[in-house]
Structure formats: structure tokens, C-alpha cells
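If you count the sequence shown from 1, you need to add 7 to reach the numbering used here.
So the structure is just underneath, and the comments pick up after that.
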Amino acid sequence: MSKFGMGDILKQAQQMQEKMQKIQDELGDLQVEGSAGGGMVTVTANGRQEIIGIKIDQQVVDPDDVEMLEDLVVAAANQALEKAQEMANNEMGKAAGGMLGNLPPGFKIPGM
């Protein structure tokens with residue numbers, strides 16, 4: 008039976024915090040894309056769930072149907088952000104897994 012002192016717990020918490028910060032920094036370099044309209048609108052997001060680019064094919068730009076373009080941009084952005092969230096959760100989960108053990112399915116750590 009092993010005993011963990013308060014110092015060990017604090018040290019482990021600090022190591023985990025440093026590891027999570029490193030992953031947050033790395034997530035800024037990772038990119039995912041969401042698209043809509045058969046690829047006519049593409050939105051790129053980074054792992055921090057920030058939109059970093061939008062590409063719109065000129066064929067989908069119709070001044071008489073701005074609503075359709077707006078809908079396509081929203082759909083592509085939502086898809087990109089969903090993928091970015093999933094990627095961030097996976098990366099954070101990998102880092103936390105070794106320190107937190109197996110968490111129940113669906114369990115989310117705040118800030119992740």
C-alpha cells in the first residue's frame with residue numbers, strides 16, 4: 008500500500024498543469040476543416056477552437072441569395088469547431104489519462 012503525501016499530490020497536480028498548458032500551446036498549431044455545400048464553403052479552425060480561415064467558392068456567391076451563403080458558412084464553421092473540440096478533448100484526454108486513470112465515458116474535465 009503506497010502513501011501519497013500532500014507534497015506528492017501537489018507535485019503531481021503541478022506536473023499535470025504544465026502538461027495541459029503544453030498541449031494547449033500545441034493545439035494552436037493543429038488545424039481541422041469543416042465544409043458545406045459540397046466543399047463550396049470551407050472553414051478552418053485550430054485546436055483552440057478558433058476560426059483561422061474561411062474559403063468561399065465564387066460559384067456560391069449569389070447577391071440575390073445571401074441567406075444560402077450565410078447558412079453554408081454557419082454549417083461549415085460549426086463542423087470545424089466540432090472537429091476542433093473533439094481533437095482537443097482527445098489530446099487532453101491522452102495527457103490526463105495517465106495521471107487521472109480511466110474516467111467514465113462522457114466525463115468532462117472543466118476547461119477541456
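Cβ coordinates follow ideal geometry from the N, Cα and C atoms, glycine included.
From a predicted model like this one, the values you see are computed outputs, not experimental measurements.
Check	Outcome
Find the nearest neighbour of G44 within the set L79, I30, D36, E25, judged by alpha-carbon distance.	L79
Which class does E40 belong to by DSSP, given the choice of helix, strand or coil?	strand
Using the Cβ count rule (16 or more neighbours within 10 Å means buried), how would you classify G46?	exposed
Here's the rule I'm using: 16 or more other beta-carbon atoms within 10 Å means buried, otherwise exposed. How should N53 be labelled?	buried
Excluding five sequence neighbours on each side, which residues of the same chain lie with their C-beta closer than 7 Å to the C-beta of V39?	A52, A87, K90, A91, M94
For the alpha helix (DSSP H) containing G14, list its first residue and its last residue.	13 to 34
Can you confirm whether the stretch 56 to 73 touches the stretch 20 to 31 when touching is taken to mean that 3 or more C-beta pairs between the two stretches lie within less than 8 Å?	no
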